[in-house]
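For the record, the sequence lines run as chains A and B. According to my numbering, the residues represented by the first sequence are 1 to 646, in order. According to my numbering, the residues represented by the second sequence are 647 to 1136, in order. Structure first, commentary second.
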Amino acid sequence: MTKRLGLVFSILLVALLSVPTLAWLALKEPGNKLYGYVDEIPARPARPAAALLDKSWQKWAERYYDVHFGFRAELVRTFNETLFRTFREMPRLRLYSTPEAGLFSGMSLQYLNAEIAEKPQYEQRYARSAARIKQMQTLLEAQGKAFVVVIAASKPYVYPESLGERYLSGGREGVLERGASFGKALQAAGVNVVDSAPMLRAFARDTNVPMHPKSGVHWNVYAGCLVAEQVLDQARSRFPALQPFACGIPHYDAPAGADLDGLNLLNIWSGGGVYQNTPLPSLMETDPAGWRPSLVFVSDSFSDQILGPLQQAHAYSRVVNSGYFRVRELDEGGAGLQRTHHIGGDLAATRKQVLDDIVASDIVVLQMVDYNLSHDGYDLPDYLLTHYPAAGTPPAAPALAQPVAAPVLNVLALVDPDNRSNPVLVPSRTRLVGDARQLLAATAKSRWDVVAVLQQAAVRNPDLVRELEKQGYTVAVNGKDGVLALPRQADAPAHAPMQWQWGRYGEPQGANAAIENELPSLASTQPVDFGFYSQELVLDRPVLIRASFEGKVADAGPEPRAAHLSLLGIKPIFSLPGGTYTAKDEFFAILPAQGDGKPVRLAFGLGGWTRGSGTIRLTSLDVYPLSLSGAAPQYAANQRAAAGRE
Amino acid sequence: MLFTAPIFLFIFLPLFLLAYYTLAKSVQARNYIALAASVLFFAWGEPVYVVFLIAGTFIDYCVSLVVAPQAKGTVRFKKLLLTAAIVLNVAALVFSKYLDFIVTQILQPLEHLHHWHVEPPHIPLLLGISFITFHRISYLVDSFKGRAIPPRGFLDCALYIFLFPQLIAGPIIRYHDIGQQIQARTHTVEGFLTGFNRFAFGLAKKLLFADPLGILADRIFGLPAAELSPLYAWGGIAAYTLQLYFDFSGYSDMAIGLGRMMGFRFPENFNRPYTALSVTDFWRRWHISLSSWMRQYLYIPLGGNRVSPARTYMNLWIVFVVSGIWHGANWTFLAWGAYYGTFLCIERALSNSRLSALAPPVPLRWLATILIVMVGWVLFRSPTIGHAWDYIGAMFGAGSATADKLLPWGLVFGNRELAMMVLGAVLACVPLPRLDGGWTLAFRAAWSDKMTVQGSAALSMQFLVTLTLTLVSAAAIASAEYVPFLYFRF
Chain A
1 MTKRLGLVFS ILLVALLSVP TLAWLALKEP GNKLYGYVDE IPARPARPAA
51 ALLDKSWQKW AERYYDVHFG FRAELVRTFN ETLFRTFREM PRLRLYSTPE
101 AGLFSGMSLQ YLNAEIAEKP QYEQRYARSA ARIKQMQTLL EAQGKAFVVV
151 IAASKPYVYP ESLGERYLSG GREGVLERGA SFGKALQAAG VNVVDSAPML
201 RAFARDTNVP MHPKSGVHWN VYAGCLVAEQ VLDQARSRFP ALQPFACGIP
251 HYDAPAGADL DGLNLLNIWS GGGVYQNTPL PSLMETDPAG WRPSLVFVSD
301 SFSDQILGPL QQAHAYSRVV NSGYFRVREL DEGGAGLQRT HHIGGDLAAT
351 RKQVLDDIVA SDIVVLQMVD YNLSHDGYDL PDYLLTHYPA AGTPPAAPAL
401 AQPVAAPVLN VLALVDPDNR SNPVLVPSRT RLVGDARQLL AATAKSRWDV
451 VAVLQQAAVR NPDLVRELEK QGYTVAVNGK DGVLALPRQA DAPAHAPMQW
501 QWGRYGEPQG ANAAIENELP SLASTQPVDF GFYSQELVLD RPVLIRASFE
551 GKVADAGPEP RAAHLSLLGI KPIFSLPGGT YTAKDEFFAI LPAQGDGKPV
601 RLAFGLGGWT RGSGTIRLTS LDVYPLSLSG AAPQYAANQR AAAGRE
Chain B
647 MLFTAPIFLF IFLPLFLLAY YTLAKSVQAR NYIALAASVL FFAWGEPVYV
697 VFLIAGTFID YCVSLVVAPQ AKGTVRFKKL LLTAAIVLNV AALVFSKYLD
747 FIVTQILQPL EHLHHWHVEP PHIPLLLGIS FITFHRISYL VDSFKGRAIP
797 PRGFLDCALY IFLFPQLIAG PIIRYHDIGQ QIQARTHTVE GFLTGFNRFA
847 FGLAKKLLFA DPLGILADRI FGLPAAELSP LYAWGGIAAY TLQLYFDFSG
897 YSDMAIGLGR MMGFRFPENF NRPYTALSVT DFWRRWHISL SSWMRQYLYI
947 PLGGNRVSPA RTYMNLWIVF VVSGIWHGAN WTFLAWGAYY GTFLCIERAL
997 SNSRLSALAP PVPLRWLATI LIVMVGWVLF RSPTIGHAWD YIGAMFGAGS
1047 ATADKLLPWG LVFGNRELAM MVLGAVLACV PLPRLDGGWT LAFRAAWSDK
1097 MTVQGSAALS MQFLVTLTLT LVSAAAIASA EYVPFLYFRF
């Protein structure tokens, strides 16, 4: 019995060892691919006999088999899953993780530590590099181009607090001040720079919007979009006609692309505890009739997240992206980048072509992530300073377009995380800021169609309203749930209180309806869906709707709405769930232009596509037509400046 | 071909086992298959040198016939022939392994004396040359001494030299340990399964402990030694200490296991050396086959301890210097051998003196021993004597490390590496309790004298352990970049 059992076990073990080979012979092509494995197999030797003697055939055979044996991917994923779940890092892949920020690249961590450990050497190197880049900037600006350096921030520079002594030389205390800073060196040299690390760090801290996915080591698209905002803002001083670009309120969706690069590199079965939804910008397309610049990026992989939103918003007429100044990708029709010059191709020809692109461009961006800073701008400064064609007459900046009645408001917003679905923001091109200081800095710099502070009064800066008024804004709403300020402009239509006329819809038994001081009032003990509709209104531009209610209502389903103020037959503007309302509670929303110029009506009632009961009275209702400042937040100011020059 | 290479594990080994057990029934027929597979195994890595090794082995075989006690001829002639054959083998070793060292480290620095300019020939180190040379010397000497049953023919002799489990990294099996088994051995399923079990343990030791610890050790030894903090320096050498043990003892386990799968019983090569309480004790437990070989074929021929005390110390010291340089062509290995020779002489002198009665408590003896061993490994691991000196200085606080200049510890010590270090240290250094009971045989059998297991329950448990270790090791092989065995370079 024991012998027979032993024989079975022996056969099983030998069979087990044979399985990878049998699977390889049977399958040939492995099904479950591994991500990021560079399976370099040497070329199969042409002369096997000679190759056997010089061992090259053996090397080829071993390598070939290493890559192709059966169930390799399954074994790798299972082993890596166990390791990562147990130890939360993969030093062999140079991937580390913290509970707060997820995966970190060892390359970034090492660079941050090197900037600290060798600060004097790095500062010297940065100063030299900055001086060279300044020369390049001078050259490009003399040719009428805007030039911006973007220092992309990898995760350790944005989330250093999650690293601690474990991953930071000398601990996390003042870690970013203790190291050399290329951003400061560039600023000192007078280079236009978007030093994204401090900006993103502050933004992430103030808004709780993540700037890097836990599952990746690049920044996310929203962070890239914020950087794109800054790039265009810097370029706007040269090109006032640049159309507004704002990332809006982030919405969250499944991570994709570079968001998952770290997780993919782990080659595990699960999400590894780092898979989570990622913030995406809410972008509005630019006006097709407006001016769009031609861009050239010389960059690394972090530029994908900048270029994506710019493409989505149709913010450029043409873009060339040169990765590491070694390849060239082109997008002319807005359909996405197509590679035209590849790695391994003729480098001189690629660089010459990119130089031609720069000559023909409006805005040049040199983007480097922190750990690529030592690459001296991928040789771009030296190359341009040597090869740029003799200076000609710089082209004039494009003329300002006439103001267009853009259907999109440019909104500057400071928003609590739980208030981001507020109807004020939905139809708008919204630029999000992290705190009141940033908000006031932005209002001082540009004019906005609406400035929205959607914070509870308890956390709001008490001086904010006064400061906004000082800066020329009219505070239209200053309620418990937020502040809405509109630019005080000469061309803004004077606001006159509306004269309301109401008609009744639905007449259920046992319900009472009345008009008091031009505003309707309703009461019903039974759940009903009835109320009043207003006279016809033409909403051919965005409007601010402000209302208050009084009463006590209960919802009866199917939706949790007991009463409502709506666009009749279209959609609710304010949904009032069951509860008690007083006239002090002010509701506000911004409605985009409605009905393509056709009139619409407002409706007020119990229920509303559902049923509600109780007593409710409309105590105030105002509709402010909003004056659009034009195509750009600072359009009016620019226009005045242009007129002054004329 | 490494034992951890997929091509060995998933193609060579199952095909060999299939052929070994299904195509042949007699021991002699199985020897033919084993020899063919072993030559193929060696030729895979040394397709040209294999011819010379076969030719050299044939010469050794012919010499062994002439120098054997029962052969005709004078003792003087036999000794002369034996010496010539040994010199030939040692010359091949020197030619392959030490010529560059001799030229660059000895001849070139002394060029102003001999006025003879030579360039290093850059001869590649032949696979397993150090082990093969020792095997061949063992065969010649044992034949001369008549210690073992003479081979029935050249194929028996060739199988001893080429037997693939022990061919390139030991254990160093003396001919008289195995000559008898080549001619007659038994094959049982219990022995096969126990051998497989030992092989799986070896795989796991190498892949789960030695490799991650090796990455840590390489990382720390790659940093400037003088700038290390004591923590990093001790961490690095602790990792290397454990890596070396799990790597080499893992390889020995695999070799012993493979041998057992083929019906052989190889001698043990390790006996928990990091539990040793003295340097002498350590060398009784570490690379036992090398120590035995050195004692048998060098120490005793030099006179051993049957000469004057001063000469005995000198013999001891010479043996360890030779042992050191055998490990590699570098001053560091020489220094390492001399270092141990010195400590062994000191211990011998102390044990022969009145001070032997004042033995310190066990923990202190263990601590002193492991400290000496770890410092010794610094010499062994360092690329130069200067590096070793700086490193040892850093271990004892003489490094120039400052908090801001050091790599943060999280980038140096990975969680897995730390876990393996703690677990490895417990397994290697703490005396483990002896488990009794039927099922524990599943774990103990592979290290028992008979290397076999009895009873269905123990067999099943052993199978499950083997299966688990093999699967985990296969996954580790697939996931890892392959790290060669440390002792392949020696």
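Beta carbons are placed, not taken as given, at the ideal position from N, Cα and C, and that holds for glycine. This one's a predicted model, so the numbers in the text were calculated from it and none came from an experiment.
Smallest Cα separation from residue i: which of the options?
i: L524 (chain A); options: A:D555, A:F549, A:A511; result: Checking the displayed sequence, the identity of residue 524 (chain A) turns out to be Ser instead of Leu. Checking every option, the nearest Cα to that of S524 (chain A) belongs to A:A511.
i: S446 (chain A); options: A:R420, A:D435, A:V475, A:P487; result: A:P487
i: A884 (chain B); options: B:G1070, B:D1095, B:L681; result: B:G1070
i: H314 (chain A); options: A:P288, A:F297, A:R328, A:Q305; result: A:P288
i: V709 (chain B); options: B:H822, B:N843, B:D823, B:L786; result: B:L786
i: V319 (chain A); options: A:D259, A:R504, A:G333; result: A:G333
i: P42 (chain A); options: A:A50, A:A26, A:V67, A:W24; result: A:V67
i: A651 (chain B); options: A:Y35, A:L22, A:Q58; result: A:Q58
i: P45 (chain A); options: A:Y126, A:A61, A:K33; result: A:A61
What's the gap between the Cα of residue i and the Cα of residue j?
i: V623 (chain A); j: W502 (chain A); result: 15 Å
i: E646 (chain A); j: V411 (chain A); result: Below a pLDDT of 50, predicted positions are generally treated as unreliable, and E646 (chain A), at 34, falls in that range; the measurement from the model is reported next regardless. Spanning the two alpha carbons is a distance of roughly 30 Å.
i: A872 (chain B); j: H1033 (chain B); result: 8 Å
i: V354 (chain A); j: R328 (chain A); result: 7 Å
i: L813 (chain B); j: A683 (chain B); result: 12 Å
i: S1119 (chain B); j: L862 (chain B); result: 20 Å
i: L659 (chain B); j: L17 (chain A); result: 8 Å
i: R94 (chain A); j: P279 (chain A); result: 26 Å
i: V404 (chain A); j: D206 (chain A); result: With a pLDDT of 49 at V404 (chain A), under the threshold of 50, the modelled position of this residue cannot be trusted; read the value that follows with caution. Distance between the alpha carbons of V404 (chain A) and D206 (chain A): 34 Å.
i: V1111 (chain B); j: A846 (chain B); result: 9 Å
i: R85 (chain A); j: K3 (chain A); result: 40 Å
Please state whether DSSP places residue i in a helix, a strand or coil.
i: Y96 (chain A); result: strand
i: N264 (chain A); result: helix
i: A922 (chain B); result: coil
i: W972 (chain B); result: helix
i: G551 (chain A); result: strand
i: T650 (chain B); result: coil
i: W929 (chain B); result: helix
i: Q230 (chain A); result: helix
i: G531 (chain A); result: strand
i: P649 (chain A); result: Since the first residue of chain A shown is 1 and the last is 646, residue 649 (chain A) is not available in this structure.
i: E757 (chain B); result: helix
i: M1107 (chain B); result: helix
i: I732 (chain B); result: helix
i: I41 (chain A); result: coil
Please compile the residues from chain A whose C-beta is within a distance smaller than 8 Å of the C-beta of residue i.
i: D1060 (chain B); result: Inspection of the sequence shows that residue 1060 (chain B) is occupied by Gly rather than by Asp. Neighbours of G1060 (chain B) on chain A, chain order: F87, E89, P91.
i: F1109 (chain B); result: F9, L12, L13
i: F838 (chain B); result: G6, S10
i: W690 (chain B); result: Q58
i: V694 (chain B); result: L53
In chain B, which residues lie with their C-beta within 8 Å of the C-beta of residue i?
i: P572 (chain A); result: Neighbours of P572 (chain A) on chain B: none; closest Cβ ~53 Å, over 8 Å.
i: N410 (chain A); result: Under the 8 Å cutoff, chain B gives no residues; its nearest Cβ is about 45 Å from N410 (chain A).
How would you list, in chain order, the residues of chain B whose beta-carbon sits under 7 Å from the beta-carbon of residue i?
i: L17 (chain A); result: L655, F656, L659, P660
i: L109 (chain A); result: L1057
Whole-angstrom Cβ separation of residue i and residue j, contact assumed at under 8 Å?
i: F656 (chain B); j: M647 (chain B); result: That belief does not hold up - the Cβ atoms of F656 (chain B) and M647 (chain B) are roughly 12 Å apart, past 8 Å.
i: M136 (chain A); j: P381 (chain A); result: 4 Å
i: S322 (chain A); j: Q367 (chain A); result: The Cβ separation is near 10 Å, so there is no contact.
i: R504 (chain A); j: G248 (chain A); result: With a Cβ gap of about 39 Å, R504 (chain A) and G248 (chain A) do not count as contacting.
What does residue i reach in chain A if we use C-beta pairs closer than 7 Å?
i: K1051 (chain B); result: A117
At a CB-CB cut-off below 9 Å, which residues of chain A make contact with residue i?
i: G881 (chain B); result: None at all; the shortest Cβ gap to chain A is about 14 Å.
i: T1112 (chain B); result: F9, L13
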